[in-house]
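Residue numbering for the sequence shown follows numbering that gives the first Met the number 0, beginning at 0 and increasing consecutively.
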Amino acid sequence: MNLLLFLLRASKGVIALSLAAGLVSGLSGVGLIALIHAELGRTSASPSRLGLAFAGLCLVAALARVIAQASMVRIGQETVFKLCLHICRKILSAPLRRFEELDSGALVAVLTEDVLTVANGLAGVPLLGINLPIVLACLVYVGWLSPPVLVCGLLFTVPAIAVNTYLMSNGVRQLTRARTEQDVLVGHFRSLIDGFRELKLHRARRESFLDDCLRASTATVRDRNSAGLTFYALAASWGQLAFFGFIGFVLFVLPSVVDVGRQALAGATLVVLFIMSPLDVVLAWVPILGRAGISLRRIQALDPSIQTCDSPDDASAPTRSNRVEFRSAIELSGVKHIYRHANDPEGFALGPIDLTLRPEEIVFLVGGNGSGKTTLVKLISGLYASEEGTIRVDGRTVNADDLEDYRQLFTAVFADGHLFKTLLGLAPDDLDDRAARELARLEMDEHVRVERGTFSTTDLSQGQRKRLALLGALLENRPICILDEWASHQDPHFKKTFYLEILPEWRARGKTLIVISHDEDYFHVADRVIHLDSGRISAGELDVAPGQTRR
Ligand SMILES: Nc1ncnc2c1ncn2[C@@H]1O[C@H](COP(=O)(O)OP(=O)(O)OP(=O)(O)O)[C@@H](O)[C@H]1O
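Structure representation (structure tokens):
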């Protein structure tokens with residue numbers, strides 16, 4: 000609900016304009032009907048003076064309608080803009096662990112489908128503003144022409160609304176189920192794109208994926224959406240039936256019960272028929288609103304840590320300058336992280352870990368697969384908040400409020416990291432020149448150029464893409480660099496360059512390097528080798544002097 004308020008507040012000016020224009024348009028329409036009725040009821044053959052008023056009202060109605068509809072378009076687009084930025088900012092502010100637990104298919108579905116659906120629903124809000132006043136004004140006019148017709152209309156409304164509500168709630172239930180399945184479907188789409196090679200290579204796997212995954216999900220979405228929208232269509236038809244039933248009653252039954260008068264009856268019928276068009280618009284908008292409600296709930300249910308709304312200008316919150324500096328030591332005391340798995344109550348526990356990092360040192364993190372190396376660097380870098388223990392920088396404890404600033408000390412190239420095509424967040428001054436120098440150092444200058452901070456291409460081999468990621472880390476120039484199995488995709492020649500030249504050069508520039516590695520031949524490059532075993536630093540971990548191999 001607060002998300003809805005946030006969106007309405009963000010567009011309140013345009014909504015007000017749209018409502019005002021809609022009101023003017025609606026009242027002009029009613030005025031036109033009154034004029035038509037008066038002109039039709041005139042007995043004199045002399046030229047009417049009502050023609051001028053009629054032309055004026057036509058112009059006002061048309062102009063007001065254009066303004067109202069242009070405002071609605073604006074509201075829809077503004078909602079997409081605000082909602083996209085808002086959700087992305089919220090996702091980015093979620094803790095990494097929380098983000099990892101989210102279903103990526105659901106996230107993509109929210110960002111693509113739900114945002115547009117909410118925008119469509121919200122854009123329709125002024126439709127109510129335009130058409131409800133018309134309906135109300137018409138009802139007042141009918142009451143003035145013939146009170147018995149108005150009373151009949153109100154009596155017909157009660158069962159009409161009851162049946163309508165029943166049909167609509169069924170529609171909402173079906174559409175909600177369709178929307179839930181949509182998350183699964185988007186997950187399959189992602190598998191199709193990410194697993195294209197594996198599917199292409201294996202016919203049976205491909206067929207099974209198409210039949211068991213894609214077809215099943217697509218069919219569920221199709222069936223639930225069809226059922227939901229059919230309920231909505233039934234609701235709309237029922238509304239129309241009740242409406243014509245009412246007109247029939249007024250024309251054929253009511254005159255035999257009470258004396259309505261032919262002139263009043265003709266006027267009231269004309270007005271009631273006129274109501275049909277605005278009523279149709281409102282009824283057509285109801286399913287859109289229903290789907291928007293479902294999408295809004297999906298956005299809000301995304302995750303408690305990212306659902307809250309603060310203020311409309313949340314998306315433009317300024318970034319703070321960094322308050323944490325690293326001069327002498329980062330000390331981890333008793334830090335711990337536990338992954339809790341649904342099928343394994345004990346999960347995986349890393350720690351408690353005691354560790355000190357100092358400026359200008361090369362630390363290797365080694366250990367078997369699943370021993371906790373990547374988890375440890377996530378803890379060291381503040382990507383995971385420790386469940387126990389403390390992290391201190393130069394003697395000062397890093398608390399929850401400092402974590403964002405603390406993270407700015409680090410740059411990282413993860414084993415499964417993403418390579419951005421543009422070097423984002425770096426001062427543009429001499430960026431291209433610096434990048435060109437580092438590209439040559441990484442032996443990539445024949446393959447890639449950097450122009451205005453953007454790589455000329457990223458369609459490269461895995462090892463080459465890793466070198467571009469390393470380039471980004473070099474240019475970021477942060478005090479501590481984490482390299483997670485960076486060398487695993489490098490050829491022997493460049494592996495040697497990396498371990499024997501680049502790492503020492505980087506240390507000489509004052510950097511601390513935390514290197515996750517399985518390359519035993521180069522362990523001697525490290526100032527220290529830290530061995531992890533089942534989430535704990537193995538006993539006997541010792542500092543290793545440069546040039547000394549630790550085996
Ligand atoms: N996102 C996650 N959710 C749940 N459990 C996880 C997650 N990531 C890792 N784990 C668990 O933590 C353990 C340690 O994983 P981690 O990635 O830290 O190991 P690693 O030493 O870096 O392994 P590798 O050498 O294979 O990269 C794994 O055995 C796994 O059980």
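For every residue, glycine included, the Cβ atom is placed at its ideal position computed from N, Cα and C.
A contact between stretches requires three or more CB pairs, one per stretch, nearer than 8 Å, and the segment 362-373 meets this requirement with the segment 529-537.
With a cutoff of 8 Å on beta-carbon distance, THR410 and GLY452 are scored as not near each other.
Nearest Cα to LEU34 within the set SER43, SER24, LEU56: LEU56.
In this structure, DSSP gives SER380 a state outside helix and strand, which the three-state scheme calls coil.
In the structure shown, the three-state DSSP call for ALA9 is helix.
According to the DSSP secondary-structure assignment, SER332 is paired through a beta bridge with THR389. Here GLY333 is exposed, its C-beta having fewer than 16 other C-beta atoms within 10 Å.
Separation of ALA300 and ASP113 (C-alpha to C-alpha, rounded to the nearest whole angstrom) is 12 Å.
Within the DSSP secondary-structure output, THR355 pairs in a beta bridge with GLU330. Listed in chain order, the non-local C-beta contacts of PHE248 below 7 Å within the same chain comprise CYS151, local neighbours out to five positions each way being set aside.
Contact annotation: the segment 274-287 touches the segment 221-236, with at least three C-beta pairs closer than 8 Å.
With 5 Å as the limit, the residues whose C-beta approaches a heavy atom of ligand 1 more closely than that are GLU99, TYR338, PHE347, ASN368, GLY369, SER370, GLY371, LYS372, THR373, THR374, in chain order. By the Cβ neighbour-count rule, GLY260 is exposed, with fewer than 16 other Cβ atoms within 10 Å of its own. Put simply, the segment 342-354 does not touch the segment 505-514. Fewer than three CB pairs are less than 8 Å apart. Secondary structure of PHE413 (DSSP, three-state): coil. In the same chain as LEU49, and ignoring 5 residues on each side of it, the C-beta atoms closer than 6 Å to its own belong to LEU34, GLU38, in chain order.
Residues of the same chain with a CB within less than 7 Å of the CB of HIS446, apart from the 5 flanking positions on each side, are LEU459, GLN463 in chain order. DSSP places PHE208 in the helix class (H, G or I) of the three-state scheme. Assignment of ARG395 by DSSP, reduced to helix, strand and coil, places it in the strand class.
In this structure PRO427 is exposed. Its beta-carbon is surrounded by fewer than 16 other beta-carbon atoms within 10 angstroms. The C-beta distance from ARG223 to ARG297 rounds to 14 Å, too long to fall under 8 Å, and the pair is not in contact.
In the DSSP assignment, THR511 falls within the unbroken beta strand (DSSP E) covering 511-515. Between LEU356 and ILE329 the beta-carbon gap is near 4 Å, inside 8 Å, which marks them as a contact. The three-state reading of DSSP puts GLU442 in coil, since its state is none of H, G, I, E or B. In the three-state reduction of the DSSP assignment, PHE347 falls in the strand class, which pools E and B.
DSSP places ILE479 in the uninterrupted beta strand (DSSP E) bounded by 479-483. The beta carbon of TYR521 sits closer than 7 Å to the beta carbons of TYR498 from its chain, once the five residues preceding and following it are set aside; these are given in chain order. Look at the beta carbons and you see the segment 187-197 touching the segment 211-221: at least three pairs across the two are nearer than 8 Å.
Pairing LEU331 with GLY388 gives a Cβ-Cβ distance under 8 Å. Just measuring C-alpha positions, the residue of THR496, GLU484, PRO503 sitting nearest ILE515 is GLU484.
Looking at the DSSP output, GLY366 shares a beta bridge with LEU531. Inter-segment contact for the segment 51-65 and the segment 20-32 is present: three or more beta-carbon pairs are separated by less than 8 Å. Straight across, the Cα-Cα distance linking LEU154 with PRO146 is about 13 Å. Residue GLN461 holds the alpha-carbon nearest to the alpha-carbon of ASP490 among GLY471, GLN461, ILE481, ALA468.
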